[in-house]
Amino acid sequence: MEATKENGLTIETGQPFRTGFVAIVGAPNVGKSTLLNQLLKQRLSIVSKKPQTTRNRILGIYNGAGCQILFFDTPGFHQGSTPLDRFLTEQALKACSQVDLVLVLAEARGQGSLLPLPLLEVIARNRIPALLAINKIDLIERPRLLPLMENLARQFPFREIVPVSALKKEGLAELVAAMVRLLPEGPPLYPEDLVSDLPERFFAAELIREQVLKNIHGEIPYGTAVCIESFKEKDDGLVVIEAALIVEKESHKKIIVGLKGQMIRRIGEAARAELEKFLGTRVFLQTFVRVEKNWTRSQGKMDEFGYHDR
Ligand SMILES: Nc1nc2c(ncn2[C@@H]2O[C@H](COP(=O)(O)OP(=O)(O)OP(=O)(O)O)[C@@H](O)[C@H]2O)c(=O)[nH]1
Ligand SMILES: [Mg+2]
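For any residue, its number in my numbering is found by taking its place in the sequence shown, counting from 1, and adding 9.
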């Protein structure tokens, strides 16, 4: 078959190439970021056991045979009251209204799981096709799957419903095939070797924040932001990063620093190892903790720490 090249991707003549934006949305902690990472075969979006891990709309570019899917990972949908909470909610809602297809993710838990209604309303109002994926099917017995699918199908006229396990990589090929069927025809929009449009320093900050989520419990991680103060690449390839961990209170700073600086050292060492894997080079990471009183309630501070529309 004849083939042409567009943006570095092979397009087989006679078969329509499909390209489109897909928002991955759903309740907190259902596995949206895990799914994105598995689809991209790259750890692009941070994952943790705690809800409300993802804070920004993160673009991840998937190149498959005959398709380019531009995924937005979004913050889990929950309605809190601080400006940071509202920002997170808006990121998810906005992503739903600006894409070609919405992938609603639910998790296989009980039969009564309710999908976030405000998200469904935005999808309906904008008449955007929606697919439902039910994640974490590795956690349930097979006979429970059908009643769960029926319950979720009653909540919205989804085009298709696909059960998956992002963690065990089950059902992912079926999910991609279902998405491609619903995407518009069109040439790829990004070159083949690009995985995201976000700069390396964004991912550096996220990998450090991920270690805060892993190592610190309670409310503190939710009031922590990471600010990359300097990111320099030396001639020998060494990347030198200075990162500030911003917390809301003096008492939080004490906990993140830990006894004799033990905790901040542990966070820094783990983050450095992840950064080296991500950047593929040696990294020298310097971290320090700074208190910005109640920054999650200040629009100006949120802007400064990267929580604003891009
Ligand atoms: N058993 C099982 N666990 C999963 C699966 N997918 C994700 N998880 C786990 O679920 C937890 C949450 O995963 P995330 O990917 O951070 O979830 P999220 O929806 O992005 O969460 P927020 O960004 O906080 O909204 C992590 O502990 C994952 O390891 C799955 O298929 N099976
Ligand atoms: Mg996430």
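Think of the CB as a built atom: it goes at the ideal place given N, C-alpha and C, for glycine as much as any other residue.
Going by the CB atoms, is the gap between residue j and residue i shorter than 9 Å?
{"i": "Leu154", "j": "Gly29", "result": "no"}
{"i": "Glu257", "j": "Lys302", "result": "yes"}
{"i": "Val204", "j": "Ala253", "result": "no"}
{"i": "Gly69", "j": "Leu53", "result": "yes"}
{"i": "Arg218", "j": "Pro230", "result": "yes"}
{"i": "His261", "j": "Val300", "result": "yes"}
{"i": "Ile78", "j": "Leu192", "result": "yes"}
{"i": "Leu112", "j": "Ala142", "result": "yes"}
{"i": "Ile276", "j": "Ile264", "result": "no"}
{"i": "Arg306", "j": "Pro92", "result": "yes"}
{"i": "Val248", "j": "Leu284", "result": "yes"}
{"i": "Trp304", "j": "Ala213", "result": "no"}
{"i": "Gly232", "j": "Thr290", "result": "no"}
{"i": "Thr4", "j": "Ala280", "result": "This structure leaves residue 4 out entirely; the chain is present only between 10 and 319."}
{"i": "Val108", "j": "Ile149", "result": "no"}
{"i": "Glu228", "j": "Glu238", "result": "no"}
Figure out for me which residue from the options has the closest Cα to the Cα of residue i.
{"i": "Asn72", "options": "Ala186, Phe211 and Lys243", "result": "Ala186"}
{"i": "Leu4", "options": "Gln100, Leu45, Ile255 and Asn38", "result": "As displayed, the chain neither begins before 10 nor continues past 319, which places residue 4 out of reach and without an answer."}
{"i": "Phe287", "options": "Thr91, Arg210, Gly89 and Leu128", "result": "Arg210"}
{"i": "Arg168", "options": "Cys76, Ile132 and Ala36", "result": "Ile132"}
{"i": "Asp82", "options": "Arg163, Val34, Glu99 and Leu148", "result": "Val34"}
{"i": "Leu124", "options": "Met158, Ala234, Asn135 and Val189", "result": "Met158"}
{"i": "Glu215", "options": "Glu99, Gly315 and Pro37", "result": "Gly315"}
{"i": "Leu147", "options": "Ile137, Ser239, Pro172 and Pro156", "result": "Reading off the sequence shown, one finds Asp at residue 147, where the question assumed Leu. Minimum Cα distance to Asp147 is reached at Pro172."}
{"i": "Gln220", "options": "Arg274, Thr290, Thr43 and Ala32", "result": "Arg274"}
{"i": "Leu198", "options": "Gln24, Leu97, Glu99 and Phe80", "result": "Phe80"}
{"i": "Pro25", "options": "Lys243, Phe240, Asp244 and Val189", "result": "Val189"}
{"i": "Leu102", "options": "Pro127, Leu49 and His317", "result": "Pro127"}
{"i": "Asp202", "options": "Asp94, Leu114, Ala36 and Leu49", "result": "Leu49"}
{"i": "Thr98", "options": "Leu114, Cys236, Pro166 and Ala36", "result": "Ala36"}
{"i": "Cys236", "options": "Ile255, Gln295 and Gly227", "result": "Ile255"}
{"i": "His317", "options": "Phe240, Arg95 and Glu238", "result": "Arg95"}
{"i": "Cys76", "options": "Pro200, Leu114 and Asp244", "result": "Pro200"}
{"i": "Lys241", "options": "Leu294, Asp206 and Ser122", "result": "Leu294"}
Between which residues of its own chain and residue i is the CB-CB distance below 8 Å, once the five residues before and five after are set aside?
{"i": "Lys145", "result": "Val39, Gly40, Glu116, Ala117, Arg118, Ser174, Ala175 and Leu176"}
{"i": "Ile170", "result": "Leu140, Leu141, Ala142, Ile143, Met158, Leu161 and Ala162"}
{"i": "Met272", "result": "Asn224, Ile225, Ile264, Ile265 and Val266"}
{"i": "Val31", "result": "Ile78, Leu79, Phe80, Phe81, Val108, Asp109, Leu110, Val111, Leu112, Met188 and Leu192"}
{"i": "Gln308", "result": "Pro92"}
Can you give me the Cβ contacts of residue i inside the same chain, cut-off strictly under 7 Å, excluding the 5 residues immediately before and after it?
{"i": "Gln47", "result": "Ala175, Lys178 and Leu181"}
{"i": "Thr43", "result": "Val56, Ala175 and Leu176"}
{"i": "Glu313", "result": "none"}
{"i": "Lys243", "result": "Val249"}
{"i": "Gln51", "result": "Val204"}
So, for residue i: in the same chain, excluding its five sequence neighbours on each side, which residues have a beta-carbon less than 6 Å away from its beta-carbon?
{"i": "Gly195", "result": "Thr28"}
{"i": "Lys269", "result": "none"}
{"i": "Gln164", "result": "Leu124"}
{"i": "Ser106", "result": "Val131 and Asn135"}
{"i": "Lys310", "result": "Glu301 and Trp304"}
{"i": "Arg66", "result": "Phe81, Thr83, Gln100 and Ala104"}
{"i": "Glu278", "result": "none"}
{"i": "Asp206", "result": "Leu68"}
{"i": "Glu259", "result": "Val300"}
{"i": "Leu129", "result": "Phe165"}
key: Contact the region 85-99 vs the region 55-65: 3+ CB pairs below 8 Å   = Enough Cβ pairs lie closer than 8 Å, so yes.
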